[in-house]
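Numbering (my numbering), first residue to last: 102 to 432.
Glycine is no exception: its CB is placed at the ideal position from the N, C-alpha and C atoms.
Below is one structure, written out as structure tokens, with a few remarks after it.
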């Protein structure tokens with residue numbers, strides 16, 4: 102935390118320090134955690150998503166002139182974003198009570214004023230077990246699930262002018278018992294990844310499925326997933342996996358002040374939005390604290406083999422963060 106000489110708002114910069122893993126058998130051409138530099142790029146897991154942004158935040162905050170600062174700057178290295186978007190940031194915000202938040206996820210040096218949310222939906226069909234030599238005596242839960250999936254795939258989803266379309270993608274399906282040795286499955290579970298638009302809430306998302314006319318005679322349930330994971334500190338976080346979408350008006354004073362600071366830093370950002378879910382799902386989507394996104398790299402640079410980050414963009418990002426600080430907390 103950097104405290105200015107004059108009173109003013111608290112500006113929180115957040116970058117998550119957890120990363121996705123290295124998939125077995127993936128064809129990295131460099132050591133995933135070697136931080137090798139070649140052709141003006143830094144290679145390695147977490148370079149783009151998003152320890153580069155974290156380094157730029159720390160550099161920018163460390164260089165501010167406290168005497169000219171009206172307010173406080175806080176840099177948060179949050180955890181577990183890849184699992185629970187915003188879960189750890191909530192704890193940070195409860196402690197720091199920021200007035201504004203900057204998320205450092207990749208924007209290609211543009212300014213994100215919104216982002217799609219995410220929900221994990223669990224569907225379960227309930228049948229009746231029987232020996233597979235006499236399947237007519239049971240009710241096959243997998244057959245029921247195929248009917249459910251067929252109808253769910255027909256759901257018409259909305260589209261947003263800034264954030265694009267909502268998405269409903271089947272990501273997992275498994276029957277019980279598994280393996281099913283000579284048993285007609287009595288249960289079948291399917292998981293959907295639902296990308297959310299502003300205003301969507303758990304009840305409306307689930308109702309779009311449970312109210313389908315063709316499914317009224319099928320014994321099934323639809324729920325928002327709940328999960329718990331342990332952080333490296335041993336702390337266990339619990340969360341319902343519903344992370345709302347968010348949007349700030351382009352004329353919002355924080356958006357315009359941040360734009361002014363970025364342009365004063367020699368950058369030419371365009372206004373846009375995240376198509377993926379970030380910690381802003383909490384800061385703006387739930388806590389309603391004005392939030393923007395600004396960071397190096399593109400959305401497609403995350404979670405890939407040979408992940409890399411442009412050193413030129415890294416330097417410009419640090420300048421941009423400093424510009425935002427100087428503009429928002431001008432004394």
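- Put simply, the backbone Cα of residue 138 is about 47 Å away from that of residue 276.
- Taken in chain order, the whole beta strand (DSSP E) runs of length 3 or more contained in the stretch 117 to 158 are 137 to 139, 142 to 144.
- Residue 408 and residue 386 have their C-alpha atoms spaced approximately 29 Å apart.
- In the three-state scheme derived from DSSP, where H, G and I count as helix and E and B as strand, residue 191 is classed as helix.
- The residue among 372, 323, 305, 337 with its C-alpha nearest the C-alpha of residue 293 is 323.
- Straight across, the Cα-Cα distance linking residue 424 with residue 196 is about 25 Å.
- Beta bridge pairing from DSSP links residue 366 with no other residue.
- For residue 203, no alpha helix (DSSP H) run applies; the uninterrupted beta strand (DSSP E) run containing it begins and ends at 201 to 204, by DSSP.
- The beta carbon of residue 337 lies closer than 6 Å to those of 329, 331 in the same chain, with the five residues before and after it left out.
- Burial of residue 150 is indicated by the presence of at least 16 other C-beta atoms within 10 angstroms of its C-beta.
- Burial check for residue 375: the Cβ neighbour count within 10 Å reaches 16 or more, so the residue is buried.
- Annotation note: the stretch 293 to 372 contains the following uninterrupted beta strand (DSSP E) runs of length 3 or greater, listed N- to C-terminal: 321 to 325, 327 to 331, 337 to 341.
- Annotation: the continuous beta strand (DSSP E) that includes residue 277 extends over 268 to 277.
- Going by DSSP, residue 426 is part of the alpha helix (DSSP H) stretching over 412 to 429.
- Rounded to the nearest whole angstrom, the CA to CA distance from residue 362 to residue 427 is 7 Å.
- Going by C-alpha positions, residue 124 is about 22 Å away from residue 398.
- Note that the C-beta distance between residue 105 and residue 170 is below 8 Å.
- Ranked by Cα distance from residue 128, the first of 414, 216, 405 is 405.
- For the 8 Å CB-CB criterion, residue 349 and residue 153 do not form a contact.
- Under DSSP, residue 375 shares a beta bridge with 216.
- If you draw a 10 Å sphere on the C-beta of residue 311, you find fewer than 16 other C-beta atoms in it, and that means exposed.
- Secondary structure at residue 230: coil, using DSSP grouped into helix, strand and coil.
- Residue 254 has its alpha-carbon roughly 40 Å from the corresponding atom of residue 360.
- In the DSSP annotation of this structure, the continuous segment of the alpha helix (DSSP H) that includes residue 253 starts and ends at 242 to 253.
- Cβ contact annotation for residue 176 (same chain, cutoff 7 Å, sequence separation greater than five): 114, 158, 159, 162, in chain order.
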